[in-house]
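A.B. asks: Quick note, the sequences are listed as chains A and B, same order.
With UniProt numbering, letter number 126 in the first sequence gets 126, and the count goes up by one each step, no holes.
With UniProt numbering, letter number 497 in the second sequence gets 497, and the count goes up by one each step, no holes.
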Amino acid sequence: MARHWRAGAAGIAVLGLTLTACGGAKVGDSSSDAGGSGSSGKCGTFNLAVNPWVGYEANAAVIAYVAENDLGCKVTKKDLKEEIAWQGFGTGEVDAVVENWGHDDLKKKYITDQKTAVDAGPTGNEGLIGWYVPPWLAKEHPDILDWNNLNKYAAEFKTSESGGKGQLLDGDPSFVTNDEALVKNLKLDYKVVYAGSETALIQAFRKAEKDKEWVIGYFYEPQWFMSEVPLKKVKLPEYKEGCDADAEKVNCDYPVYKLDKIVSKKFAESGSPAYDLVKNFTWTNDDQNIVAKYIAVDKMTPEAAAKKWVEANRDKVEAWIK
Amino acid sequence: MTVAVEKPEKTRTAEPAAPVKETRKVSRSMVVGAILVVWLVLFAVLRGKQTLALAAADLTDLHRWFNDVNDSIGANRNSNPLFLYFFNEIRLVIDTLVTFVQELISQPSADRPVPQIGWLGVVGIAGYVSWAVGNWRVALLAVAGFTFLGLQGLWQESMDTLALTLSAVFVALLFAIPLGVWAGLSDRFNRIVTPFLDFMQTMPTFVYLAPLTLFFLIGPASATIATLIYAAPPAIRITAHAIRSVPETTVEAADSLGATRRQSLMKVLLPMSKRTVVMGVNQTIMAALAMVTIAALIDAPGLGKTVVQALQSLDVGTAFNAGLAIVVMAIVLDRVTTAASGREEAARGSKNRFLTWRRPLLGAGAAATAVLIHLSHTYVWAAEFPGEGGIGSAISSGADTVTTWAQDNLSGITNAFRDALTNGLLNPFQTLLTDSPWWLVGAALIALGAVLGGRRAGLTTAVCVGLLVGTGVWSDSMTTLASTVVATVLVMLLGIVFGVWMGRSALVDRVLRPSLDAAQVMPPFVYLVPFLALFGATRFTAIVAAVVYAAPVAMKIIADGVRNVPATTVEAATSAGCNTWQIITKVQLPMARGALTLATNQGLIYVLSMVVVGGLVGAGALGYDVVAGFSQGQLYGKGLAAGLAIVLLGVMFDRITQAAARRTSA
Chain A
1 MARHWRAGAA
11 GIAVLGLTLT
21 ACGGAKVGDS
31 SSDAGGSGSS
41 GKCGTFNLAV
51 NPWVGYEANA
61 AVIAYVAEND
71 LGCKVTKKDL
81 KEEIAWQGFG
91 TGEVDAVVEN
101 WGHDDLKKKY
111 ITDQKTAVDA
121 GPTGNEGLIG
131 WYVPPWLAKE
141 HPDILDWNNL
151 NKYAAEFKTS
161 ESGGKGQLLD
171 GDPSFVTNDE
181 ALVKNLKLDY
191 KVVYAGSETA
201 LIQAFRKAEK
211 DKEWVIGYFY
221 EPQWFMSEVP
231 LKKVKLPEYK
241 EGCDADAEKV
251 NCDYPVYKLD
261 KIVSKKFAES
271 GSPAYDLVKN
281 FTWTNDDQNI
291 VAKYIAVDKM
301 TPEAAAKKWV
311 EANRDKVEAW
321 IK
Chain B
1 MTVAVEKPEK
11 TRTAEPAAPV
21 KETRKVSRSM
31 VVGAILVVWL
41 VLFAVLRGKQ
51 TLALAAADLT
61 DLHRWFNDVN
71 DSIGANRNSN
81 PLFLYFFNEI
91 RLVIDTLVTF
101 VQELISQPSA
111 DRPVPQIGWL
121 GVVGIAGYVS
131 WAVGNWRVAL
141 LAVAGFTFLG
151 LQGLWQESMD
161 TLALTLSAVF
171 VALLFAIPLG
181 VWAGLSDRFN
191 RIVTPFLDFM
201 QTMPTFVYLA
211 PLTLFFLIGP
221 ASATIATLIY
231 AAPPAIRITA
241 HAIRSVPETT
251 VEAADSLGAT
261 RRQSLMKVLL
271 PMSKRTVVMG
281 VNQTIMAALA
291 MVTIAALIDA
301 PGLGKTVVQA
311 LQSLDVGTAF
321 NAGLAIVVMA
331 IVLDRVTTAA
341 SGREEAARGS
351 KNRFLTWRRP
361 LLGAGAAATA
371 VLIHLSHTYV
381 WAAEFPGEGG
391 IGSAISSGAD
401 TVTTWAQDNL
411 SGITNAFRDA
421 LTNGLLNPFQ
431 TLLTDSPWWL
441 VGAALIALGA
451 VLGGRRAGLT
461 TAVCVGLLVG
471 TGVWSDSMTT
481 LASTVVATVL
491 VMLLGIVFGV
501 WMGRSALVDR
511 VLRPSLDAAQ
521 VMPPFVYLVP
531 FLALFGATRF
541 TAIVAAVVYA
551 APVAMKIIAD
561 GVRNVPATTV
571 EAATSAGCNT
581 WQIITKVQLP
591 MARGALTLAT
601 NQGLIYVLSM
611 VVVGGLVGAG
621 ALGYDVVAGF
631 SQGQLYGKGL
641 AAGLAIVLLG
651 VMFDRITQAA
661 ARRTSA
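#1: To the nearest whole angstrom, what separates the beta carbons of A:GLU208 and A:PRO134, a pair I think is in contact under 8 angstroms?
#2: Alpha carbon to alpha carbon, what distance is there between B:SER341 and B:VAL281?
#3: Suppose contacts are defined by Cβ-Cβ distances below 8 angstroms. Is B:ALA559 in contact with B:MET502 by that definition?
#4: Can you give me the C-alpha to C-alpha distance between B:ALA619 and A:SER197, rounded to a whole angstrom?
#5: So that I know if they touch, is there some Cβ in chain B lying closer than 8 angstroms to that of A:ASP189?
#6: Just the C-alpha distance for B:GLN588 and B:ARG456, rounded to the nearest angstrom, thanks.
#7: So, does the CB of A:THR91 fall closer than 8 angstroms to a CB anywhere in chain B?
#8: DSSP three-state label for A:VAL229, please.
#9: Using DSSP with H/G/I as helix, E/B as strand and the rest coil, what is A:LEU259?
#10: DSSP state of B:THR568, grouped into three classes?
#11: Since B:LEU649 contacts B:LEU598 with CB under 8 angstroms, what's their CB separation in whole angstroms?
#12: Between B:GLN263, B:LEU433, B:ALA310 and B:TRP439, which lies nearest to B:PHE525 when the distance is taken from Cα to Cα?
#13: Residues of chain E with CB closer than 9 angstroms to the CB of B:SER341, please, in chain order.
#14: Could you spell out the range, first to last residue, of the beta strand (DSSP E) harbouring A:ILE216?
#15: Among B:ILE229, B:LEU375 and B:ASP187, which one has its Cα closest to the Cα of B:VAL169?
#16: Thinking just about the alpha-carbon of each residue, which of B:GLY365, B:ASN321 and B:VAL562 is nearest to the one in B:TYR128?
#17: Compile a chain-ordered list of the residues in the stretch 129 to 149 of chain A whose CB is closer than 8 angstroms to at least one CB of chain B.
#18: Taking a contact to mean a Cβ-Cβ separation below 8 angstroms, would you say B:VAL69 touches B:GLY643 in this structure?
#19: By the DSSP assignment, the beta strand (DSSP E) with A:LYS316 in it spans what residues?
#20: If I'm right that A:SER264 touches A:ASP95 with Cβ under 8 angstroms, what's the distance once you round it to whole angstroms?
#21: Which residue marks the beginning of the beta strand (DSSP E) containing A:TYR132, and which one marks its end?
#22: At least one CB of chain B closer than 8 angstroms to the CB of A:TRP53: is that the case?
#23: By Cβ distance below 7 angstroms, which residues in the same chain neighbour A:PHE89 in space, the five residues on each side in sequence not counted?
#24: Let me see if you follow: with CB-CB separation under 8 angstroms, is B:PHE87 close to chain A or not?
#25: Excluding sequence positions up to five away, which residues of its chain have a Cβ less than 6 angstroms from the Cβ of B:ALA487?
#26: What residues in the stretch 391 to 422 of chain B bring their beta carbon closer than 8 angstroms to a beta carbon of chain A?
#27: Under 7 angstroms Cβ-Cβ, which residues of chain A neighbour B:VAL529?
#28: Answer with yes or no whether the minimum CB distance from B:PHE146 to chain A is below 8 angstroms.
#29: Closer than 9 angstroms, Cβ to Cβ, to anything on chain A: give me those residues from the stretch 628 to 649 of chain B, in chain order.
#30: Using a beta-carbon distance cut-off of less than 9 angstroms, what residues from the stretch 92 to 106 of chain A approach chain B?
#31: Report the start-end ranges of each alpha helix (DSSP H) in the stretch 127 to 165 of chain B that is 4 residues or longer and not cut off at the edges.
#32: Could you tell me whether the Cβ atoms of A:ALA296 and B:TYR379 are closer together than 8 angstroms?
#33: Are the stretch 251 to 262 of chain A and the stretch 233 to 240 of chain A touching, with three or more C-beta to C-beta distances below 8 angstroms?
#34: Between the Cα of B:ALA383 and the Cα atoms of B:GLY74, B:ALA55 and B:GLY121, which residue gives the shortest distance?
#35: For B:PRO211 and B:VAL93, I'd like the C-alpha separation in whole angstroms.
#36: Going along the chain, which residues of its own chain have a beta-carbon closer than 7 angstroms to the beta-carbon of A:ALA21, five neighbours each way excluded?
Dropping the structure here:
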């Protein structure tokens with residue numbers, strides 16, 4: 001019981017101390033928060049979906065930065081997976097997706113059928129998908145970069161998961177893969193093993209380069225990891241229009257994806273300057289790689305990364321908001 | 001942990017029956033052996049036939065039908081009255097609630113750049129409430145814990161997580177406690193509700209995350225509902241259990257004194273089960289915190305977002321820092337609610353003078369807290385947590401260093417272990433399951449279920465096997481089953497070793513317990529990134545992940561069981577000249593048999609709940625199907641089917657092990 005007394009007394013003492021000590025700034029005194037609302041134009045709120053990969057984050061950060069600072073929009077970023085972001089077009093909770101990789105199924109569903117989304121043109125980035133090997137492997141066995149020679153090395157790629165064949169590490173589940181069909185149709189002595197996440201793929205390649213291990217797997221660019229370990233792409237039979245039409249019979253490389261932007265129909269018709277910004281936004285793979293590197297490797301916040309790039313590339317930004 | 005409360009009665013009943021069925025047990029294990037031999041022989045003959053394999057991108061009609069249903073809901077959402085007048089109303093209520101709590105403690109509200117109550121106020125409230133419902137020790141822990149969140153540089157994120165967790169727990173309890181009371185009073189309702197609860201707890205969240213946003217839009221409502229679906233069942237189960245465990249004689253006494261049903265509920269049943277009900281609240285809070293990272297995928301604010309974003313660039317340090325904040329919050333909330341449930345007795349035991357002083361002290365505490373709240377509302381220094389979160393960056397870089405060291409120095413040893421386990425145990429077992437004809441595996445499972453669990457368990461198994469075939473992902477289910485069984489065996493090995501150690505020594509228990517709590521609430525991906533570097537994207541990594549998550553539960557239950565072996569029995573054995581090894585193997589473990597079966601049951605269920613995480617690190621099979629279904633529209637139906645398959649595996653195991661447990665103890 002005495003203990004409780006003491007606790008109470010201590011509490012009151014602390015209280016007294018804090019009361020006497022309280023000078024200090026009051027909430028709402030500072031005028032620092034006036035910056036954002038100063039230039040409020042007709043833009044209003046701009047709901048920007050942020051899909052979970054760094055390249056997308058780079059696009060979103062730059063667009064959000066320009067929309068906030070040049071157009072006076074109030075940008076609400078929403079961290080969402082692709083499917084859910086597209087779903088948000090219909091419910092009015094998402095205005096724009098600013099890096100879309102193909103997704104013909106979603107385009108059909110939301111642009112053609114439900115008519116809740118519209119295409120807002122390419123981002124200027126080109127997306128490559130394919131099979132990659134770590135740089136040391138490409139250097140020591142240059143012929144591995146041609147698919148014709150893959151069977152020669154199959155035994156080297158064996159792992160505990162691949163059941164006696166070479167292991168082809170697949171598997172960011174977010175993306176369509178034809179690899180099982182490719183392995184079968186190109187008669188490769190490989191088994192597709194699903195790593196299951198981008199994290200798992202990156203760790204595999206990172207370790208393979210460091211310890212000179214044999215790894216071949218599904219990957220894509222632009223991707224921030226390429227600036228850490230520049231993976232080399234294996235040449236598959238060339239892509240021709242329609243060669244991937246039948247999922248069972250695919251025997252060619254993945255097409256080059258022209259990454260594009262998708263906006264909700266409502267947003268496109270709103271006359272918001274943010275829509276014009278999204279529509280006009282284009283940049284190169286190098287631009288995106290720089291911002292992605294700021295975020296992923298230099299560990300800058302997306303806002304700081306965007307600020308740095310925008311200040312260095314004012315001319316490009318002017319073209320988007322002219 | 002969920003069922004840990006049921007354990008005492010089980011161990012109690014385990015004792016007297018032991019000698020009776022020695023003879024039966026021998027014959028049962030022989031039957032099990034015979035089933036396995038027949039299976040192996042037929043496997044050798046029929047290998048590779050009728051395995052029902054389905055390639056990763058292939059779909060069945062059922063999967064396509066699920067897709068169509070999902071699409072049509074999406075397309076008709078805006079014209080359907082069910083949406084306009086039902087789901088939208090629910091969404092509005094929950095959104096308002098969450099936004100209210102957020103503006104109170106985490107988000108800037110209307111015209112203020114900071115929330116209504118700043119860090120000083122929140123820390124004050126946490127300390128005061130913990131003291132009022134618990135004791136001064138947990139109050140100190142709460143103050144220290146919450147201050148630590150600020151020092152980590154994660155104050156706002158933590159408060160967002162706290163706001164969402166509290167709202168979800170509040171809404172969950174609003175339904176769970178009445179439903180639990182009902183299930184406790186009515187056997188029929190209990191039977192009806194149990195499968196639903198199983199479903200809510202074992203269905204992977206990924207499966208219903210996307211449809212939820214269709215029903216309740218992107219925002220706090222969806223995140224809250226996703227959380228409460230997973231978090232409400234423990235409260236319902238434990239409340240029902242609490243009501244049931246009130247001694248019958250007490251209720252009869254109340255009845256004979258002329259109490260109405262209502263009176264006996266309000267004056268007898270509820271007060272007497274209060275302590276256990278609070279344990280249910282505790283479990284609900286823990287389960288809600290386990291959902292933090294998943295809810296971040298649909299834009300739930302808070303620590304989960306920090307973890308997810310850091311992992312996009314494999315920034316283990318930052319992710320670990322945020323994960324640690326979740327652990328700290330979980331430990332604080334756990335200890336406070338545990339203290340609250342134990343408080344009743346403590347108060348009753350102490351002298352009366354305590355009670356006389358308690359009231360004025362509570363008043364004084366409330367006044368002091370009010371002053372702190374006022375300060376934090378008015379002054380910037382008390383509103384925004386001062387400092388740059390230097391401790392947070394120190395923790396991040398520390399975690400990075402440890403990770404790098406482990407990756408550089410341990411991989412040789414770990415790979416040898418991985419290959420031994422994979423080639424020696426996992427691969428043969430998996431081949432047996434996946435390459436046998438489906439009807440052979442099904443028949444073997446049903447026979448095993450019937451022998452181990454009795455006729456009803458056999459029947460349940462038969463239904464589950466039938467439905468598993470119906471889901472169209474039979475082959476993947478068998479792959480997952482193999483990994484699950486191997487993981488459970490490892491969980492039990494660790495559980496017995498550490499559980500016995502903890503049960504025999506209070507000191508070991510106190511030292512290990514916080515790490516066990518941490519392993520249960522730390523978001524898996526934080527430790528999986530280094531595991532991926534050590535073991536690669538393999539089934540083994542997935543098994544390790546499951547073991548890390550499930551072993552603590554098994555350890556806690558077994559420790560509890562060992563501790564409940566009467567001290568006199570152990571002393572008798574000691575005086576009879578038994579050495580420590582003999583005491584453990586001949587006395588403590590056999591007498592804790594009920595706890596061992598319970599630990600197996602919970603271990604299996606917890607392992608199954610990690611199947612999806614396993615799919616993210618190389619386990620493939622059902623886990624990958626679920627994740628891919630979440631990410632790709634055309635695979636949605638298959639993901640749903642895979643989720644159902646996981647539920648079916650869970651129900652099958654649960655019924656068999658529970659029936660087996662009843663048999664060994666009855």
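All C-beta atoms, glycine included, are put in the ideal place defined by N, C-alpha and C.
C.D. replies: So, to answer that:
#1: Reading the first sequence from its first residue, position 208 is the one you call residue 208 of chain A. Reading the first sequence from its first residue, position 134 is the one you call residue 134 of chain A. Reading off the sequence, residue 208 of chain A comes out as Ala, not Glu. With a Cβ gap of about 5 angstroms, A:ALA208 and A:PRO134 count as contacting.
#2: Walking along the second sequence from the start, residue 281 of chain B turns up at place 281. Walking along the second sequence from the start, residue 341 of chain B turns up at place 341. Rounded to the nearest angstrom, the two C-alpha atoms are 10 angstroms apart.
#3: By 1-based counting over the second sequence, the position of residue 559 of chain B is 559. By 1-based counting over the second sequence, the position of residue 502 of chain B is 502. Against a cut-off of 8 angstroms, the Cβ pair of B:MET502 and B:ALA559 comes out as a contact.
#4: The residue given as residue 619 of chain B occupies position 619 in the second sequence. The residue given as residue 197 of chain A occupies position 197 in the first sequence. Answer to the nearest angstrom: the Cα atoms are 11 angstroms apart.
#5: Along the first sequence, one-based indexing puts residue 189 of chain A at 189. Judged by the 8 angstroms Cβ criterion, A:ASP189 is not in contact with chain B.
#6: By 1-based counting over the second sequence, the position of residue 588 of chain B is 588. By 1-based counting over the second sequence, the position of residue 456 of chain B is 456. One C-alpha to the other measures close to 31 angstroms.
#7: Stepping through the first sequence from its first residue, residue 91 of chain A is reached at position 91. So yes, A:THR91 belongs to the interface.
#8: Mapped onto the first sequence, residue 229 of chain A falls at position 229. Residue state, collapsed to three classes: coil.
#9: Here residue 259 of chain A corresponds to residue number 259 of the first sequence, with the count starting at 1. In this structure, A:LEU259 counts as strand in the three-state DSSP scheme.
#10: Taking the second sequence and counting its residues from 1, one reaches residue 568 of chain B at position 568. Helix at B:THR568.
#11: Start at 1 with the first residue of the second sequence, and residue 649 of chain B comes out as number 649. Start at 1 with the first residue of the second sequence, and residue 598 of chain B comes out as number 598. About 19 angstroms separates the two Cβ atoms, so there is no contact after all.
#12: The residue given as residue 525 of chain B occupies position 525 in the second sequence. The residue with the shortest Cα to Cα distance from B:PHE525 is B:ALA310.
#13: Judged by its chain identifiers, the structure shown contains no chain E, and its protein chains are A and B.
#14: Translated into the one-based positions of the first sequence, residue 216 of chain A becomes position 216. From DSSP, the beta strand (DSSP E) with A:ILE216 extends over 216 to 221.
#15: Residue numbering aside, residue 169 of chain B sits at position 169 when the second sequence is read from its first letter. It is B:ILE229.
#16: In the second sequence, counting from the first residue as 1, residue 128 of chain B sits at position 128. Out of B:GLY365, B:ASN321 and B:VAL562, B:GLY365 has the C-alpha closest to the C-alpha of B:TYR128.
#17: none
#18: Stepping through the second sequence from its first residue, residue 69 of chain B is reached at position 69. Stepping through the second sequence from its first residue, residue 643 of chain B is reached at position 643. No; because the gap between Cβ atoms is not below 8 angstroms, this pair is not in contact.
#19: As a first step, residue 316 of chain A must be located in the first sequence, where it is residue number 316. Not the beta strand (DSSP E): A:LYS316 falls in the alpha helix (DSSP H), residues 314 to 321.
#20: Indexing the first sequence from 1 puts residue 264 of chain A at position 264. Indexing the first sequence from 1 puts residue 95 of chain A at position 95. At roughly 6 angstroms, the Cβ-Cβ gap stays under 8 angstroms, so A:SER264 and A:ASP95 are in contact.
#21: For this step, residue 132 of chain A is matched to residue 132 along the first sequence. 117 to 133 is the span of the beta strand (DSSP E), which, as asked, contains A:TYR132.
#22: For this step, residue 53 of chain A is matched to residue 53 along the first sequence. Judged by the 8 angstroms Cβ criterion, A:TRP53 is in contact with chain B.
#23: On the first sequence, residue 89 of chain A is found 89 positions in, with the first residue counted as 1. Result list for A:PHE89: TYR110, THR116, ALA117 and SER264, in chain order.
#24: As a working mapping, residue 87 of chain B is identified with position 87 in the second sequence. Answer no: the Cβ-Cβ gap between B:PHE87 and chain A never drops below 8 angstroms.
#25: Along the second sequence, read from residue 1 onward, the residue named residue 487 of chain B stands at position 487. The answer, listed in chain order, is ILE543, ALA546, VAL547 and VAL607.
#26: GLN407, SER411, ARG418, ASP419 and THR422
#27: For the purposes of this step, residue 529 of chain B is taken as the residue at position 529 of the second sequence. Residues of chain A passing the Cβ test: THR199 and GLN203.
#28: Residue mapping note: residue 146 of chain B aligns to position 146 of the second sequence, counting from 1. Cβ-Cβ to chain A under 8 angstroms: no for B:PHE146.
#29: ALA628, GLY629, PHE630, SER631, GLN632, GLY633, GLN634, LEU635 and TYR636
#30: GLY92, GLU93, VAL94, HIS103, ASP105 and LEU106
#31: 136 to 151
#32: Within the first sequence, numbered from 1, the residue matching residue 296 of chain A stands at position 296. Within the second sequence, numbered from 1, the residue matching residue 379 of chain B stands at position 379. Not a contact, by the Cβ cut-off of 8 angstroms.
#33: yes
#34: Here the question's residue 383 of chain B lines up with position 383 in the second sequence. Nearest of B:GLY74, B:ALA55 and B:GLY121 to B:ALA383, Cα basis: B:GLY121.
#35: Mapped onto the second sequence, residue 211 of chain B falls at position 211. Mapped onto the second sequence, residue 93 of chain B falls at position 93. One C-alpha to the other measures close to 19 angstroms.
#36: Position 21 of the first sequence, counted from the start, is the residue given in the question as residue 21 of chain A. Any reading at A:ALA21 needs caution, since the residue's pLDDT is 48, under 50, leaving its predicted position unreliable; the model's value is listed next. For A:ALA21, where only same-chain residues beyond five positions count, there are no Cβ hits under 7 angstroms.
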